[in-house]
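Visitor:
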Amino acid sequence: MNGALSELRQRLSNGLNRASIQNCSKWATEYRIMGSPFPGPWSFKYHPWAKEMHDSKAPMNVGMKAAQMAFTETALNISFYTIDILKQDVLYVLPNEKPDAANFSASRFDQALELSPHLAGLFSDVQNVGHKRSGSANLYLRGSQSRTGLKSIPTPKIIFDELEEMNQDNIPLALERGSGQKEADILVWMLSTPMLHKAGIHKFFLDTTQEVFMFKCPLCSRTTHLVYPECLVVCGDDEHDPRVKESYIRCKECKGELPHLSKPEWLTSGFWAASYGGREARGFHISQLYSSVVSPAKIAVTVHKSIKDPAQEQELWNSKLGLPHEVKGARILQEEIERAKCEYRNFLHQGAHVVCMGVDVGTLLNVEITDYAVNTDKIIEDLNAAAKAKVLYSGTVEHFEELDILMRRYGVRACVIDANPERRKAHEFAARFYGKVFPCFYGNNIKGKVINLNNEANTITVDRTNWLDASLGRFKNNTIQIPIDISLEFQDHVKNLVRVYKEDRDGNKIATYVSTGPDHYGHSRNYCEIALPLAYTQGKSYDIQGSVV
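Dropping the structure here:
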């Protein structure tokens, strides 16, 4: 009898307790258990900025942040709260289905269940990587690359985690999943470390309230916030100088030192302040200057490294400060394009040397035809470096059959065409000009200016970054001529490709190109450059070391 009474009391207590949970922050402190670096029940002590984010009622929320600032854990708590208390489905979008969804399921979701007894009892189906069931509510994990996976799930609650790495074209498709749902139920979160201005997460952040985390300085009592470089005092002459450990955070108002170890105390008064009021979408920005885990000395080391290493420069601004940044020389400038313009007109000239064509496939076919003059005295290992380029034709056509006319009119010796998305049409075009036209794939396992030729399939695979370095680099080293009347689209497209540094799966910084807008002419320029070694070696025994395999 006593046992039954005790159980009844416990059930009543649990019911009253759950009835008192009116928001996500309360749910998190009640049910979420964390591991390192701050083991135990969830607390906002070490990341007070996350509390108001948990309870935001805005239909659209954008978190532009530095690395390791508890934004993903916040998104997880919002997902769990939605499923547990609101009994609604959540679509959680990651950059890729594999390995991102699998890694997230194992390292984030499964770990949360292992540490939190309430969560362990909440989900009945956890084996399916992409689908977690709790009663009638579901958590769907999807990669941004799959249009089919995003189209099939109608839900008012959507979270985009690491949006910067996603297929940007599919983000609007995922947002459509909330169509037809009650307006009051819609909640979208976009989270990411930024990369470039007006692209990726920063593009969405610009349309929000753009909030910063304010607090009362414990020294001067003025309300302030932490910004770089005013609030970081960097000590030492370089990253190896022992004095770098003396680096510290300071108040930009009174210039007094704000002790790193007591951040939980002087940030406890913090609150989000909007830079732009009256906007429906909320935006939250935070940097590692606020972090209790990352010391000022660690940030200072990156500052020292950034002076001499562009990869570290980008790391500083993106991952440490949570701000978009473009390294000097990362993109083609308008003055470099103007320097390349010469006194001849588009479409009107024929080639006198080695004529090549590049085709990027989209809604239209973007075409470049270029005449390459090769200085044979300078060929050592790199044919492209020994050649100068003169663009004869830059334009678009609608149909693949129109490419045949251009091939014949300009006497094209070799053409490289985008193998996707119209693979069948690209192969049919290649078959009509066998040995002269090569469908091209950008490959992940090829390094350098190598052209991996698959004779059986009549296709080639290349390293995208290295060839873009060569094709766009012509504007910087002044080895390309373009018509005086070259289209504005061509100019914009080559400027929209920006060289940045990302981490590979092993954590190494690697260079790649990110598009900040339409880039079709940038890729037709690239395919045209790739065609040169293929054209030059036709009928020759000359071997270009390291170029054609």
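Residue 1 is where the sequence shown starts when you use my numbering, and the numbers rise one by one after that.
We put the beta carbon where it would ideally sit given N, CA and C, even for glycine.
These numbers come from a predicted model, not from an experiment.
#1: Is DSSP giving P310 helix, strand or coil here?
#2: May I ask you to report which of helix, strand or coil DSSP gives P439?
#3: May I have the straight-line CA-CA distance separating G322 from L139, to the nearest angstrom?
#4: Quick check: the Cα distance between L453 and T461, rounded to an integer number of angstroms?
#5: Per DSSP, W272 is paired with what?
#6: Starting from E246 and walking both ways along the beta strand (DSSP E), at which residues does that stretch end?
#7: Run through DSSP, which three-state label would V494 get?
#8: Since K509 and A274 are thought to touch, with beta carbons under 8 Å apart, how far apart are those beta carbons, to the nearest angstrom?
#9: Taking the runs of the alpha helix (DSSP H) that are 4 residues or longer, which of them lie wholly in the stretch 66-140?
#10: From which residue to which residue does the alpha helix (DSSP H) around Q414 run?
#11: Just the C-alpha distance for F204 and V62, rounded to the nearest angstrom, thanks.
#12: For L258, which residues does DSSP report across the bridge?
#13: Just the Cα atoms here: how many angstroms apart are S524 and A352?
#14: What residues in its chain sit with their C-beta under 7 Å from that of V498, if we drop five residues either side in the sequence?
#15: Could you check how far apart the C-beta atoms of C231 and R250 are, in whole angstroms? I think they sit under 8 Å.
#16: Rounded to the nearest angstrom, what separates D238 and V301 at their Cα positions?
#17: Which complete alpha helix (DSSP H) runs does the stretch 348-421 hold, if anything under 4 residues is left out?
#18: Roughly how many whole angstroms lie between the Cα atoms of V188 and A58?
#19: Please determine if the stretch 200-216 and the stretch 247-263 are in contact, where contact requires at least 3 C-beta pairs separated by less than 8 Å.
#20: Measuring CA to CA, which of P48, E265, K476 is closest to A385?
#21: Taking S487 as the reference, which of V374, V367, D207 has the closest Cα?
#22: Would you kindly report the start and end of the unbroken alpha helix (DSSP H) that includes I201?
#23: Considering only the beta carbon of each residue, do Y344 and I484 sit closer than 8 Å?
#24: Do M64 and I201 come within 8 Å of each other at the CB atom, strictly closer than that value?
#25: Taking three-plus beta-carbon pairs below 8 Å as touching, is the stretch 162-179 in contact with the stretch 106-120?
#26: Quick check: the Cα distance between G93 and L173, rounded to an integer number of angstroms?
#27: Please report the residue range of the alpha helix (DSSP H) in which H427 lies.
#28: Mind reading off the beta-carbon distance from D418 to A426? Whole number of angstroms is fine, and I expect it under 8 Å.
#29: Judging by CA-CA distance, which residue of Y248, V397, F271 is the nearest neighbour of L582?
#30: Hey, would you say G135 sits closer than 8 Å to T209, going by beta carbons?
#31: Could you check how far apart the C-beta atoms of M407 and F433 are, in whole angstroms? I think they sit under 8 Å.
#32: Tell me whether the stretch 101-110 and the stretch 32-49 touch, counting them as touching only if at least three CB pairs, one residue from each stretch, are closer than 8 Å.
Guide: Reading from the atomic positions:
#1: Your numbering for residue 310 matches position 310 in the sequence shown. It is helical.
#2: Along the sequence shown, read from residue 1 onward, the residue named residue 439 stands at position 439. Strand at P439.
#3: By one-based count along the sequence shown, residue 322 stands at place 322. By one-based count along the sequence shown, residue 139 stands at place 139. Their backbone Cα atoms lie some 28 Å apart in a straight line.
#4: Residue 453 sits at position 453 when you count from the first residue of the sequence shown. Residue 461 sits at position 461 when you count from the first residue of the sequence shown. Cα to Cα, L453 sits roughly 7 Å from T461.
#5: Translated into the one-based positions of the sequence shown, residue 272 becomes position 272. BP columns for W272 point to F213.
#6: Stepping through the sequence shown from its first residue, residue 246 is reached at position 246. Here E246 belongs to no beta strand (DSSP E), and DSSP marks it neither H nor E.
#7: By 1-based counting over the sequence shown, the position of residue 494 is 494. Looking at V494 - three-state DSSP - the assignment turns out to be helix.
#8: Working through the sequence shown from its first residue, we reach residue 509 at position 509. Working through the sequence shown from its first residue, we reach residue 274 at position 274. The pair is not a contact, with the Cβ atoms about 35 Å apart (cut-off 8 Å).
#9: 71-84, 110-115, 117-122
#10: As a working mapping, residue 414 is identified with position 414 in the sequence shown. Residue 414 is actually Ala in this sequence, not Gln. Per DSSP, A414 belongs to no alpha helix (DSSP H); it is in the beta strand (DSSP E), 414-418.
#11: Along the sequence shown, read from residue 1 onward, the residue named residue 204 stands at position 204. Along the sequence shown, read from residue 1 onward, the residue named residue 62 stands at position 62. One C-alpha to the other measures close to 7 Å.
#12: In the sequence shown, counting from the first residue as 1, residue 258 sits at position 258. Looking at the DSSP assignment, L258 forms a beta bridge with I249.
#13: As a working note, residue 524 is residue 524 in the sequence shown. As a working note, residue 352 is residue 352 in the sequence shown. One C-alpha to the other measures close to 21 Å.
#14: The count along the sequence shown starts at 1 and reaches residue 498 at position 498. Within the same chain, V498 has close Cβ partners L196, E326, A330, R331, Y513, V514, T516.
#15: By 1-based counting over the sequence shown, the position of residue 231 is 231. By 1-based counting over the sequence shown, the position of residue 250 is 250. Rounded, the Cβ-Cβ distance is 6 Å, consistent with contact.
#16: Position 238 of the sequence shown, counted from the first residue, corresponds to residue 238. Position 301 of the sequence shown, counted from the first residue, corresponds to residue 301. Between D238 and V301, the C-alpha separation is close to 8 Å.
#17: 401-409
#18: Counting from one through the sequence shown, the residue named residue 188 turns up at place 188. Counting from one through the sequence shown, the residue named residue 58 turns up at place 58. Approximately 8 Å, taken between the alpha carbons.
#19: no
#20: Indexing the sequence shown from 1 puts residue 385 at position 385. For A385, the nearest C-alpha among the options comes from K476.
#21: Position 487 of the sequence shown, counted from the first residue, corresponds to residue 487. Of the listed residues, the one whose Cα sits closest to S487 is V367.
#22: Sequence index remark: in the sequence shown, residue 201 carries index 201 (1-based). It spans 200-205 - the alpha helix (DSSP H) in which I201 sits, taken as one unbroken run.
#23: Counting from one through the sequence shown, the residue named residue 344 turns up at place 344. Counting from one through the sequence shown, the residue named residue 484 turns up at place 484. It is a contact, given that the beta carbons lie within the stated cut-off.
#24: Stepping through the sequence shown from its first residue, residue 201 is reached at position 201. Stepping through the sequence shown from its first residue, residue 64 is reached at position 64. The answer is yes: Cβ separation under 8 Å.
#25: no
#26: Walking along the sequence shown from the start, residue 93 turns up at place 93. Walking along the sequence shown from the start, residue 173 turns up at place 173. Sequence check: residue 93 is Val here, not Gly. If you take the alpha carbons of V93 and L173, they lie about 12 Å apart.
#27: Taking the first residue of the sequence shown as 1, we reach residue 427 at position 427. Looking at the DSSP string, the run of the alpha helix (DSSP H) that includes H427 is 423-432.
#28: Within the sequence shown, residue 418 is the residue found at index 418, counting from 1. Within the sequence shown, residue 426 is the residue found at index 426, counting from 1. About 7 Å separates the two Cβ atoms, so the contact holds.
#29: The structure shown does not extend to residue 582, since the chain is modelled only from 1 to 549, so the question has no answer here.
#30: Your numbering for residue 135 matches position 135 in the sequence shown. Your numbering for residue 209 matches position 209 in the sequence shown. In this structure, T209 does not lie closer than 8 Å to G135 by Cβ.
#31: Here residue 407 refers to the residue found at position 407 when the sequence shown is read from its first residue. Here residue 433 refers to the residue found at position 433 when the sequence shown is read from its first residue. With 8 Å as the limit, M407 and F433 qualify as a contact, their Cβ atoms being about 6 Å apart.
#32: no
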